[in-house]
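Following: one structure in structure tokens, then a few remarks.
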Amino acid sequence: MGSTAVMEHWGRQFAELVDDLVCVCRDGRLTWINPAGTRLLNDGDTGVHPDLSGTAFRDLVHEDYRDIVDLGLGLLADDGGKMPLLLTTLGGRVVEVELAVTRVAPPDGASGRADAVLIHARDVTDRARAVASLMESEHRYRNMVEMSLNLVFVVQGNRMIVVNAAARGLLGGDDPEALRGAAFIDLIHDDYRPIVDLGLDALADEADVLPLKLRGRDGRVHDVETRVIPFGRDAFMVEGRDISERMRSAEALREREARLQGVLDTVADGIVTADERGIIQTFNPAAERLFGRRKDEVLGRNLSILMPSRFAAYHDGHMRNYHAGRQGWAFGKARELEGLHSSGRVFPIELSLAEMRVGKARMYTGVIRDITARKQAEAAQKRYNEELEARVRERTEELRALSRQNESILESAGDGIVALDMNGRITVANPAAAQMLGWPVEQLTGMDATAIFRYGPTEGRRAGRPLPVRAALRRGVFHERTDLTLMRRDGSEFSAEYTSAPIEDHEAGGTGAVVMFRDVSERRKAEDRLRVAATVFETTAEGIAVCDRAGSITTANPAFRAIVRRRAENVAGNDLGTVLGCAADEVAAMLGALDDGGHWETERWSTRADGTQYAARIACSAVPEAEGPVRQFVAVINDITERKRAEERIRYQASYDALTGLPNRALFLDRLEHAVAAARRQKHTLGLMFIDLDGFKAVNDTLGHEAGDQLLKGAGQRLRTCVRESDTVARLGGDEFTVIMEGVEGCKGAAVVAQRVIDTLEVPFDLDGRAGRVSASIGIALLPEDAADSEELLRNADTAMYAAKSQGKANYQFFTAAELAD
């Protein structure tokens, strides 16, 4: 028994003991398979199994992977390493395996290279499923917390064991990661620590959100609405929403009020504000000039210092009753009185008085104008009175028109408007309010508001309960704007923006309210869609850039910046074609396609900012406009570098010999067809040499296969040096090579090349210090002299090669018709 047979015997003994699939394939078919492999392909059945010998290995491979196997098992063996593969058992079950393919040496004394392969496949199905399940669960949990736009903490034993990205970014300061493991109480503002000291379990029982102030590690204070949720044993999840911007908006409102005060200080009329007791609260510059007194002289004093002594009776706390009751004062209507100058001079004034509420207190503002000139002109007084009466009539008509206009506005308003008396009963309701709440307009008047305004089903514990309208009226609590869910008469709900403001209930002598609300359901849905779109934009693995009509980038997501390897400041404002390395004509074609059809896409190689090459798939789509031309478009970029390189590698492996790097038989035949067509078209001579290495088998058998492979590589390199760059040198297999010589100068030119090849190959090869000697037998056929097509040309060159061998080898022979006859 030869050494190879002994190794094969012991190899099979060992393969029968392992639990993995081990088999031998020759020409793609099973010649032997171990018991473990038979059980695997029979779904674990330990009974009698059919003989799998002769089965094509590709029939056992899942259809998604058969293209790889079709490249050749020998090619997989030469590629080396392990690769993932899916097998299909005889019962149809899919098995995921790690596959290794190794060439099997021929038996002792046999000639040629190895034509059989040993396949080793290990079943990793269960391991892959377990790892995938674990990774999916971990990924889903972490994404849910990490991607939340709200602040999320998981607190256990007062220590924060989880802090999401939003919380780290808002509160972490220079070292966001230090928040993990820190005490949650350290984030609470001192004013709110007594609330948190009650314990998170107590706060978890609260149905409504809790207002808190949090202090970040950078010292900044943030207003937050929070909710505490039990989270496992002795742990709580604290979810918060930053409302600092809302608080800053309220501060901005107060600043606008201050600016309004500045405007009042610049008007020409004197403006004085007093409380119910007649104590002066404000005194503008015009009033200072009018009464000859500084502001600091009058603030905090009674109005009597500005009026004659008979007006001093107004300071006894009954100013409102005096103006609105006994004296028949009409707020907003000008009245003539007398003012008292600091010099003691009494002068006539015109006073317009307005009442306003500041919280529960009432304030009175008077607009004062000096009418001395009018009083001094007795002759003009009558004319002035007539003009005044005319103005009053005009003003009355304007007010009536305004009333009719207000009624029309109320009827046509899209917002729901409801007026309530001090007892919470509806006095006015417009059609929009009736339509949103599901009631007829005529039924709403006189109804109790608590029967109309109820919390919707999604309002938690408050669902179905009436809004505390009467309690709010009693406490004087009104809403600038709040969002809540309201229930219609039929029990359905809608998202509403709700506001309320006080109005005087003159009939009952109290304060009612006007309530305005609007259906914002569609707006909420749009906001939700925008939030989802923003999240996808920021987190998707595809690069996305939004560009204007000219191709300038207005915004780009992180994935885009990562693909092109540019910072945000180096992307926005730049031209998309410049960032992607597109030529001017390509950019023009893209913009033209977007104008014509709204879409353009391509695949191209580009250069990043750091100089690295990458392949990208670019798809651009115009953003549709309601009317007019396209104003912006979206570009989606995918990095397909690995796919392109894999395709190029597969194309190379399919067309080139893995050992020598020369074109293989498939590429050779393709080039031969093109060369024949070109020779016919250009009417020149095409030569084909068929080369066989004499003595190669002896080198392979005596020095080993590695030495034989070295010799074949060297022979391929030498053959390239013997021909022109336009000629094609190919390896057909084994020790057979071909050379396509386009435009050769007949037999003379072909003979020169053939002799050069013989002389070059006769020089001994250095095979790791050992000499390898071969010669070349060459057959030559010419077109059109010896053949009419590529197939005949190849056949005749092969015939001429055998004639060279019969002539003693190490020579070349041209094809002759006599050889074909033999």
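Numbering-wise (the numbering used here), the sequence shown opens with residue 14 and increments by one.
Virtual Cβ for every residue (Gly too), placed ideally from N, Cα, C.
Predicted, not measured: the structure shown is a model, and the values here were computed from it.
Look at Lys346 here: in three-state DSSP terms it is coil, with no helix or strand label. By the C-beta density criterion, Thr751 is buried, having at least 16 other C-beta atoms within 10 angstroms. Counting C-beta atoms within 10 angstroms of its own C-beta, Phe27 has fewer than 16 neighbours from the protein chains shown and is therefore classed as exposed.
Assigned with DSSP and collapsed to three states, Gly477 falls in coil, not helix or strand. Per DSSP, the unbroken beta strand (DSSP E) holding Thr751 starts and ends at Glu749 to Glu755. Around the beta-carbon of Asp255, 16 or more other beta-carbon atoms lie within 10 Å, marking it buried. When DSSP states are grouped into helix, strand and coil, Gln820 belongs to the coil group. With contacts defined by Cβ atoms closer than 9 Å, Ile284 and Gly379 form a contacting pair.
In the DSSP assignment, Met250 forms a beta bridge with Val167 and Ile242.
Beta-bridge pairing by DSSP links Glu310 to no other residue.
DSSP places Asp705 in the strand class (E or B) of the three-state scheme.
Pro207 carries a helical assignment under DSSP once its states are collapsed to helix, strand and coil.
In this chain, the alpha helix (DSSP H) harbouring Arg488 covers Val482 to Arg488.
Of all C-beta pairs linking the stretch 648-667 to the stretch 557-575, three or more are shorter than 8 Å, placing the two stretches in contact. If you ignore the 5 residues before and after Gly451, its C-beta comes within less than 6 Å of the C-beta of Arg501, Arg502 and Asp503, all in its own chain and listed in chain order. Of the residues Asp722, Ile704 and Met369, the one whose Cα lies closest to the Cα of Asp779 is Asp722. Note on Met369: under 16 other CB atoms within 10 angstroms of its CB, so exposed under the neighbour-count rule.
Between Glu238 and Gly253, the CB-CB gap stays under 9 Å. Rounded to whole angstroms, the separation of the alpha carbons of Glu410 and Arg404 is 10 Å. Distance from the CA of Thr385 to the CA of Pro361, rounded to the nearest whole angstrom, comes to 5 Å. DSSP, reduced to helix, strand and coil, places Asn177 outside both helices and strands of the structure shown, so it counts as coil.
Rounded to whole angstroms, Arg783 and Gly746 show a C-alpha spacing of 24 Å.
Under the three-state reduction of DSSP output, Val742 falls in the strand class. Only residues of its own chain outside the window of five on either side were considered, and among them Gly41 and Arg42 have a CB closer than 7 Å to the CB of Ala69, listed in chain order.
Going by DSSP, Ser317 is part of no beta strand (DSSP E) at all; its letter is neither H nor E.
Residue pairing by DSSP places Glu219 in no beta bridge whatsoever.
Taking C-alpha positions only, Asn177 is separated from Ser161 by approximately 8 Å. Taking 9 Å as the cut-off, the Cβ atoms of Val787 and Asp748 count as close. For Arg406, no pairing in a beta bridge is given by DSSP. Closest option to Ala191, judged by alpha-carbon separation, among Val175, Ile201 and Arg206: Val175. According to DSSP, residue pairing for Met529 in a beta bridge involves Ile430 and Thr512. Bounds of the alpha helix (DSSP H) holding Ser668 are Thr654 to Ser668. Per DSSP, Met603 is one residue of the alpha helix (DSSP H) stretching across Ala597 to Asp609. The C-beta of Ala90 has 16 or more other C-beta atoms within 10 Å across all chains shown, which makes the residue buried.
Pro481 and Tyr205 have their alpha carbons spaced roughly 27 Å apart.
By the beta-carbon neighbour count (other beta carbons within 10 angstroms, threshold 16), Ala690 is exposed.
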